[in-house]
Amino acid sequence: MAKIDRVRNIGIVAHIDAGKTTVTERFLFRSGKIHKHGEVHDGEAQMDWMEQERERGITITAAATSFEWNKHEIHLIDTPGHVDFTIEVERSLRVLDGVVVVFCAVGGVEPQSETVWNQANKFRVPRMAFVNKMDRVGADFERVLGEIRERLGAKVVPVALPIGAEDAFEGTLDLVRMKALYYSGEIGEEPRVEDIPDDLVEQARAAREAMVEAIADVDDDVAMKFLEGEEIEEAEIVSAIRRATIANKMVPTLCGSALRNKGVHPLLDAVVAYLPSPVEVPPVHGVDPKDTSKEISRAPKEGEPLAALAFKVAMDEGRKVVFIRIFSGKIEAGKEVWNVRENKKERVARLFQVHANKRQRIDKAGPGMIVMASGLKLSTTGDTLCSASEPILLERIDTYEPVISVAIEPETNAEREKLEFSLGKLVEEDPTFRVREDQETGQTIISGMGELHLEIIVDRLLREYKVNARVGKPQVVYREAVTTGAEASSTFERQLKEEALFGKATVKVEPRGRGEGSHFESVLPVAPPIPEGVVAAAMQGLRDASYAGPDGYPLEDISAKLVALEYRDDAQPETSVRAAAADALRRAVGQASPTRLEPIMDVEVIAPDDYLGTVIGDLNARGAHIQNVGSRSEKSVIEARVPLKDMF
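Just so we're aligned: the sequence shown equals residues 135 to 782 in the working numbering.
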């Protein structure tokens, strides 16, 4: 294990088909981790190890690996680019210290580029940009830089420029060293370093001056020398870029063609030079599980109490394994850890370092490491693992609500139990995959983030669990909300044998902002005092009723306040007030102008100019709202918003 200041925990993120996995494959080959690089389009990429990934040429699940470069240990997670698997990016970014965002030199900033960028913003992850596919027809480095600045609001600073483009792309200008790097494209070839040719010297000098000026804007040491006209040494520039990158003040940007083995070497050097080690990011923060108002921080040291996050669950040959990021302390095989959510100890049976679907057994793991553990039967995505004597609760990983559902049933009744078991295993792995039984029809309903997501689930049932299943037509998952405020009361009275049950509740509902979530609150008068158990039962009644609005869909973004409560001490008050509060909420919602919410998808269509009218006509027929029509690389780009139900 390398010293912690020589560790880099990084991710590769991008829009689908920008070249993330190809970049990762070239990293592994250049570092000597693998001796034959696979191609995504041939279904031979090491990191795309699932059969579905190899067949479709896309990444479906985040895959981890480790390798060495320039005496540094790099732990890398390659993530999916398809929107249906966004949770894989979310939970990966939660545990990474730095990220390389890959952009296509032709496509530029694409829809999922924005999504992953915003996810990185959410966790304040330092990042670099790599403009890939510079050898493609229509490649335009400057245009992509402009799109990143305009659409993502990022301070991108080129530290390299392309020499040529499209078929003429042959190398890059290193603006830090002021050298030209040429590549023949041969596998394993070192870049040929030469002086910058005369016809590019002026361009390189202007770009270097712009780079130094951009650094001076965010670094006082460089600013002072720049203003006084002093020469700034290469080492000073590297240090300043590193400081600014770690502080999220700038995004160093390089370019190349990973498929053609051009630009990968300097990108690896830049990962080491500019992205932080675990000791250079802020200590992890959490709270005391017994007193959540008390904040706790843990430094990335082995001597500190354990603080680790379970960020991914997977099934390995039918056995559950958990991926863990260790922030402080250490985990040892055969020893116990404390699961804060379960309030129980769990024993780590074995520890592994992972390379895609291969693994190497290790005895212990310390701060900054990303490892896989077996034996943790209770742990799920987002669980905090820590020391029982000095517990800490880390922030959980946000998940996403499903947007599409289908009914599923086994081919034969004999497979019904097997189907239920298999679906349960898949739910453990994927927080965005849900399974429920329709109370009216008795059907099993599976829900996910999109058609592809559910298609992969059904395919995995067959391949991994040998379950043949039939699925129905996709159904959109709706939500309900209120548009005005309302107040309603309800009385619950029942005669149960010799007991007369009685409860009365008054509830006030109001709309909240879209995406703010629902909030339930008791605003009962202080006097007369009502027992906590009775109030808690009434509040549970509010939550119960929120699971189904007037049309039977879950309520979203509502504020519900319990404003009055009556009960009898001698007649099971908890049962009575719970039922009364639930009915009061339903009545209030019915009076608050309820409305149905449906998923609306942001869609980008790229088509030849000749087909522009046809594409817009098709979108309009689907109820689309056209947001923008532009052009990119001699093709039309239509941006629209379309109801999900009309996209099938």
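Idealized CB from N, CA, C, for every residue including glycine. From a predicted model like this one, the values you see are computed outputs, not experimental measurements.
Tell me which same chain residues have a C-beta within less than 6 Å of the C-beta of residue i, skipping the five on either side of it?
| i | result |
| --- | --- |
| isoleucine 371 | Val310 |
| serine 770 | Ala741, Asp743, Leu746 |
| glycine 764 | Val771 |
| histidine 587 | Asp218 |
| leucine 595 | Ser556, Val601, Ala603 |
Please classify residue i as buried or exposed, where buried requires at least 16 neighbouring CB atoms within 10 angstroms.
| i | result |
| --- | --- |
| asparagine 762 | exposed |
| glutamine 629 | exposed |
| histidine 175 | Note that histidine 175 has pLDDT 44, beneath the 50 cutoff, so the model's placement of it is unreliable and no number is given. |
| tyrosine 408 | buried |
| histidine 489 | buried |
| arginine 495 | exposed |
| leucine 658 | buried |
| serine 226 | buried |
| aspartate 736 | exposed |
| alanine 381 | exposed |
Who are the Cβ neighbours of residue i in its own chain at under 8 Å, not counting the five residues just before and after it?
| i | result |
| --- | --- |
| leucine 295 | Phe275, Thr306, Leu307, Leu309, Gln337, Ala338, Ala341, Cys389 |
| valine 592 | Ile542, Ala603, Val605 |
| glutamate 768 | Gly272, Asp743 |
Expressed to the nearest angstrom, what Euclidean distance is found between the alpha-carbon atoms of residue i and residue j?
| i | j | result |
| --- | --- | --- |
| phenylalanine 237 | aspartate 685 | 43 Å |
| leucine 528 | glutamine 725 | 40 Å |
| glutamate 281 | phenylalanine 264 | 14 Å |
| valine 660 | arginine 530 | 34 Å |
| proline 707 | serine 680 | 21 Å |
| lysine 167 | arginine 568 | 37 Å |
| proline 777 | tyrosine 612 | 11 Å |
| arginine 160 | alanine 392 | 7 Å |
| aspartate 754 | isoleucine 772 | A quick correction: the sequence has asparagine, not aspartate, at residue 754. Rounded to the nearest angstrom, the two C-alpha atoms are 12 Å apart. |
| serine 656 | valine 421 | 25 Å |
| alanine 314 | valine 234 | 23 Å |
| glutamate 362 | aspartate 353 | 14 Å |
| threonine 155 | alanine 198 | 12 Å |
| lysine 552 | methionine 449 | 16 Å |
| leucine 689 | glutamate 650 | 12 Å |
| alanine 254 | aspartate 139 | 22 Å |
| isoleucine 579 | glutamine 609 | 10 Å |
| alanine 718 | serine 624 | 5 Å |
| arginine 484 | lysine 359 | 54 Å |
| threonine 158 | serine 462 | 27 Å |
| glycine 509 | asparagine 473 | 13 Å |
| valine 413 | alanine 548 | 55 Å |
| isoleucine 460 | leucine 401 | 26 Å |
| serine 107 | isoleucine 208 | Because the chain in this structure spans residues 135 to 782, residue 107 falls outside the shown range and cannot be described. |
| methionine 506 | lysine 267 | 33 Å |
| glutamine 577 | arginine 550 | 12 Å |
Under 7 Å from any heavy atom of the ligand GTP, does the C-beta of residue i make it?
| i | result |
| --- | --- |
| valine 233 | With respect to the ligand GTP, the structure offers nothing, as it holds no ligand at all. |
Considering Cα atoms alone, identify which of the options is closest to residue i.
| i | options | result |
| --- | --- | --- |
| valine 259 | Lys313, Phe161, Arg142 | Arg142 |
| proline 325 | Val293, Gln577, Lys396 | Lys396 |
| glycine 437 | Pro501, Val488, Leu279, Arg459 | Pro501 |
| valine 290 | Asn204, Glu644, Ala378, Glu598 | Ala378 |
| valine 616 | Lys769, Ala603, Val643 | Val643 |
| leucine 230 | Pro245, Asp744, Thr213 | Thr213 |
| leucine 512 | Gly272, Glu470, Asp532, Phe303 | Glu470 |
| leucine 440 | Met503, Arg756, Asp329, Ala302 | Met503 |
| lysine 695 | Ala670, Ser710, Leu402, Gly606 | Ala670 |
| threonine 533 | Gly582, Gly509, Thr387 | Gly582 |
| alanine 288 | Leu731, Thr387, Ala672, Thr514 | Thr387 |
| arginine 228 | Glu364, Lys607, Thr515, Asp678 | Thr515 |
| valine 668 | Val456, Gly647, Asp704 | Asp704 |
| glutamate 563 | Leu519, Phe457, Met673 | Phe457 |
| methionine 312 | Arg225, Ala369, Val278, Arg270 | Ala369 |
| lysine 383 | Ala350, Ala716, Gly241 | Ala350 |
| lysine 779 | Ala152, Leu401, Pro733 | Pro733 |
Can you list, in chain order, the residues of its chain whose CB lies under 7 Å from that of residue i, leaving out five sequence neighbours each side?
| i | result |
| --- | --- |
| alanine 620 | Val643, Ala722, Gln725, Ala726 |
| glutamine 246 | His149, Ile150, Gly215, Val217 |
| proline 331 | Ala314 |
| tyrosine 316 | Glu304, Gly305, Pro325, Arg326, Glu328 |
| glutamate 585 | Ile538, Pro608 |
| arginine 648 | Asp691 |
| glycine 683 | Glu614, Leu689, Val723, Pro728 |
**Request:** Specify whether the segment 216–226 and the segment 243–250 touch according to this definition: at least 3 beta carbon pairs, one from each stretch, less than 8 Å apart.
**Result:** yes
Evaluate the contact criterion for the segment 535–554 versus the segment 596–606: three or more CB pairs, one atom per stretch, below 8 Å.
yes
Taking 8 Å as the threshold, find out whether the segment 573–590 comes into contact with the segment 513–527 through three or more Cβ pairs. no
Is the segment 556–568 touching the segment 466–480, taking contact as three or more C-beta pairs under 8 Å? no
- Message: For the structure I just gave you, are there three or more beta carbon pairs, one from the segment 630–649 and one from the segment 686–701, closer than 8 Å?
- Response: yes
* Asked: Does the segment 421–436 come close enough to the segment 297–306 to have 3 or more Cβ pairs within less than 8 Å?
  -> no
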